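Right, one structure below, let's go through it.
In the numbering used here, the protein residues as written are 37 to 638.
So, in C-alpha cells, the structure goes:
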C-alpha cells in the first residue's frame with residue numbers, strides 16, 4: 037500500500053451536542069480502533085442528501101469496523117436550530133451519530149469549504165482522505181477495505197458494535213409530509229415522505245382513509261423512497277415525484293394501481309443523456325411536479341434544472357437550466373437554478389420555489405414565441421436570505437419549498453425556514469406575510485376558499501382562511517455565515533485537488549476527463565479566469581477596486597477502474613460545486629486549494 041500523509045484528526049466539538057448516541061457525548065478517543073468517516077452536511081443541501089443515500093450500503097456492509105459521524109454544519113439560520121436538526125435526522129433516516137455544530141467549530145478545524153465533504157480518519161486517529169461532493173462511494177469502499185487490511189495486520193483495528201442508538205419512534209398519522217394535492221372528490225392525497233407512503237386524508241385533512249405503499253424503501257409496485265411532489269393529471273390520476281428513487285410514478289386513486297413512467301432508479305450524472313425515452317433516462321431527485329402546457333413539469337432539484345415529461349410520446353427532456361447552481365435569468369437553456377423544489381402553474385406562467393437561492397421565479401414563453409425564458413420575482417442569490425416584506429427588489433425569503441397559485445393572480449409561498457406563509461403579488465410587485473407560527477411549511481393547496489398548508493415538521497395539514505390583510509412581521513436579513521478567505525490582490529492560483537482512488541485512473545478514452553467552471557459574484561471580481569475549461573488548475577486575475585465577493589467553482593472528474601484485462605471498466609464521476617466567500621487583503625494567500633478527492637498537501 038502506498039504511504040499516506042499523516043495528519044492528526046482534530047477533536048469533534050459542537051455546541052448543539054450529539055444525536056443518535058443515547059445521550060452520550062463522543063470523542064475521537066472513544067472511536068480509536070475504528071475507521072471513522074466524517075460527513076459534513078446540512079439538511080437544506082440536496083447533494084448532502086444524495087451522500088446520505090450513497091453511504092447507506094457502506095454503513096451496513098462495514099457496521100463492525102466503520103463509524104460514520106454526521107457533522108451538521110448549517111448554512112441557513114434555521115438550520116442552527118437544534119430541534120430542526122433533530123427533525124432532519126429523523127426526516128432523512130440518518131442511522132449514525134450526528135454532531136450538531138451550529139457555530140461551524142468542527143467545520144473550521146477541518147478547513148472544510150463545501151457541503152457535502154467527507155473526511156476519513158484511520159483507526160489510529162489520522163486523517164487519510166478528504167472528498168468533496170458526490171460520487172465517492174466506490175472510492176470510499178476501496179479505501180475502507182485497504183484500511184481494514186492494513187490495521188488488521190498492525191493489530192490496531194477494533195471490531196464491534198458502533199455507538200449509534202436509534203431514537204424512540206413517535207406515533208403520528210403523518211411523518212414529515214412533503215406535498216399534497218386535492219383529489220376531485222374533495223379528499224387530500226399527501227406524500228408521507230419519511231414513511232415512504234402516500235396517505236389519503238378525508239376532506240377535513242385529518243382522518244386517514246387509506247395508505248398507499250408498504251412503508252419500506254423501494255421501487256416496486258407498492259413501494260416508494262421518500263416521495264415528495266404530487267400533481268393531478270388530466271385523466272384523474274396523480275403523478276408522484278419519487279425523489280430518492282429518482283423516478284416519476286403515476287398512481288390511480290380509482291384502482292390503486294402504481295406504475296413507473298420515468299427514470300431508471302439511478303441518479304443522473306454529468307455526461308448522462310438528458311432527454312429521450314422516459315424509462316431509459318436517469319433522473320436526479322425530482323422534488324415537485326406541475327401540469328402545464330400539456331405536459332408534466334419537473335423540479336429536478338438534484339441537478340438544478342426544470343425538466344418535462346411528455347406522456348404523449350413517453351419522453352423526458354431538460355426544459356430550463358444549465359445544471360450550474362446559482363441565480364441567472366434569461367433564455368431557459370442559459371438559466372441557473374439552485375434546488376428548485378416547488379412548482380405551480382398559473383395561466384401563462386409556471387411559478388418556481390428556488391430553495392437554495394431563497395427565490396421565487398417563473399418560466400414563461402419568450403415574447404417571440406420561440407422558446408421559454410426564466411425570470412426572478414424575489415431573490416438575489418445563494419447567500420442572501422431573511423424575512424422581509426415590501427417591494428420585490430428588497431424582499432427576502434429563507435429556503436422556500438412550495439408555491440401555490442391563488443385565484444387573484446398572486447402566488448402563496450411556503451417560506452419553509454421562516455415558518456411562514458408569504459404572498460407575492462406580481463401586479464404590484466409586493467411581498468407580504470399571510471401567516472406565521474407554522475413549522476417548516478413545505479407546500480399548500482387551495483380548498484373551498486381556504487388554503488391548506490403542509491406543516492411538515494408538525495406532521496399535519498393546517499387549514500387557514502386566506503386573510504384579507506397581511507400579517508406584520510419584524511424584518512430581518514441574513515447572509516450565509518461562513519468566514520471569508522483572505523486572498524492577495526493580483527493573481528490567485530486555483531488548484532482543485534483530485535487524486536484518482538486506488539485502482540482507478542482518469543478516463544481519457546473520449547477526451548478530457550476533468551471539467552472546471554469558474555464565475556464570481558459580483559462578476560467584476562474577476563478580471564480574467566472566468567469560464568469553462570478542462571484543467572483543474574487555473575490562474576485567476578482579480579480586478580482592482582473590488583474588495584470582496586464569492587468565487588463559484590464547479591469541478592468534475594471521471595475515473596475508471598485501471599485493469600487492462602477488463603474490456604469495459606466501471607467508471608465513476610466525482611463532482612462538486614463550491615461557493616467560496618473571499619476578501620482581498622494585502623497579506624492574503626495567493627493560492628486557493630479545493631479538495632475534490634484526496635489530500636491537499638501544499
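Just so you know, even glycine gets a beta-carbon here, dropped at the ideal spot from N, CA and C.
Just so we're clear, the structure is a prediction, and the values are computed from it rather than from any experiment.
What do you get for residue 97, buried or exposed, if any count of 16 or more other CB atoms within 10 angstroms of its CB means buried? Exposed.
With H, G and I counted as helix, E and B as strand and the rest as coil, what does DSSP make of residue 174? Note: residue 174 maps to helix in three-state DSSP.
Identify which residue in 133, 120, 65 and 409 has its Cα closest to the Cα of residue 95. Looking at the Cα atoms, 133 is the closest of the given residues.
Among 468, 482, 457 and 485, which residue has its Cα nearest to the Cα of residue 475? Among 468, 482, 457 and 485, the Cα nearest to that of residue 475 belongs to 457.
Where the alpha helix (DSSP H) containing residue 26 begins and where it ends: The first residue shown for the chain is 37 and the last is 638, placing residue 26 beyond what the model contains.
DSSP three-state call for residue 214: helix, strand or coil? It is coil, neither helix nor strand.
Outcome for residue 44 when other beta-carbon atoms lying within 10 angstroms are tallied against a minimum of 16: Exposed, because fewer than 16 other Cβ atoms sit within 10 Å of the Cβ of residue 44.
Would the stretch 135–145 count as touching the stretch 109–122 if we require 3 or more Cβ pairs under 8 Å? Contact holds: three or more Cβ-Cβ distances are below 8 Å.
Nearest-angstrom Cα distance between residue 52 and residue 493? Computed Cα separation, rounded: 19 Å.
Simplified DSSP state of residue 408, which is helix, strand or coil: Three-state DSSP puts residue 408 in a strand.
Strand pairing of residue 224, partner residues [DSSP]: Looking at the DSSP assignment, residue 224 forms a beta bridge with 218 and 237.
Going straight from the alpha carbon of residue 586 to that of residue 593, what length do you get? Their Cα atoms are separated by approximately 23 Å.
In this structure, does DSSP put residue 338 in helix, strand or coil? Of the three classes helix, strand and coil, the one that applies to residue 338 here is helix, per DSSP.
Taking C-beta to C-beta, are residue 356 and residue 334 nearer than 7 Å? Contact flag unset, no.
At least 3 beta-carbon pairs within less than 8 Å: the stretch 475–487 vs the stretch 413–420: Contact between the stretch 475–487 and the stretch 413–420 is absent: fewer than 3 CB-CB pairs across the two stretches fall below 8 Å.
If we require 4 or more residues per run, which alpha helix (DSSP H) segments fall completely within the stretch 266–332? Within the stretch 266–332, no complete alpha helix (DSSP H) run reaches 4 residues.
Nearest-angstrom Cβ-Cβ length linking residue 470 and residue 436, presumed shorter than 8 Å: Rounded, the Cβ-Cβ distance is 13 Å, inconsistent with contact.
Could you check how far apart the C-beta atoms of residue 620 and residue 582 are, in whole angstroms? I think they sit under 8 Å. Confirmed, about 7 Å.
Can you tell me whether DSSP reads residue 38 as helix, strand or coil? Because the pLDDT of residue 38 is 47, which lies under 50, any placement of that residue in the model is unreliable, and the number read from its coordinates should be weighed accordingly. Correct three-state label for residue 38: coil.
I need the boundaries of the beta strand (DSSP E) containing residue 541, first residue and last residue. Its beta strand (DSSP E) spans residues 540–542.
Same chain only: Cβ atoms within 8 Å of residue 46, ignoring 5 sequence neighbours per side: Short of 8 Å from the beta carbon of residue 46, and not among the five residues preceding or following it, lie these beta carbons of its own chain, in chain order: 142, 145 and 146.
Kindly indicate which residue of 403, 327 and 408 has the alpha-carbon position closest to the one of residue 367. Measuring from the Cα of residue 367, the nearest candidate turns out to be 408.
From 399, 454 and 151, residue whose alpha carbon lies closest to that of residue 514: For residue 514, the nearest C-alpha among the options comes from 454.
Please report the residue range of the beta strand (DSSP E) in which residue 614 lies. Unbroken beta strand (DSSP E) run through residue 614: 607–620.
Whole angstroms are fine: how far does the CA of residue 426 sit from the CA of residue 508? The straight-line gap from Cα to Cα measures roughly 11 Å.
Given residue 169, which residues of its chain have a CB within under 6 Å of its CB, disregarding the five upstream and five downstream residues? Closer than 6 Å at Cβ, skipping near neighbours: 611 and 612.
Since residue 387 and residue 398 should fall inside the 8 Å C-beta cutoff, what is the C-beta to C-beta distance between them, to a whole number of angstroms? Contact check for residue 387 and residue 398: beta-carbon distance about 5 Å, within the 8 Å limit, so the pair qualifies.
Tell me which same chain residues have a C-beta within less than 7 Å of the C-beta of residue 37, skipping the five on either side of it? In this prediction, residue 37 has a pLDDT of 42, which is less than 50 and means its spatial position is unreliable; what the coordinates show is noted afterwards. For residue 37, the CB contacts under 7 Å within the same chain, skipping 5 residues up- and downstream, are 182 and 186 in chain order.
Drop a sphere of 10 angstroms on the beta-carbon of residue 127, count the other beta-carbons inside from all chains shown, and report buried for 16 or more, exposed for fewer. Of the other Cβ atoms in all chains shown, 16 or more fall within 10 Å of the Cβ of residue 127; this residue is therefore buried.
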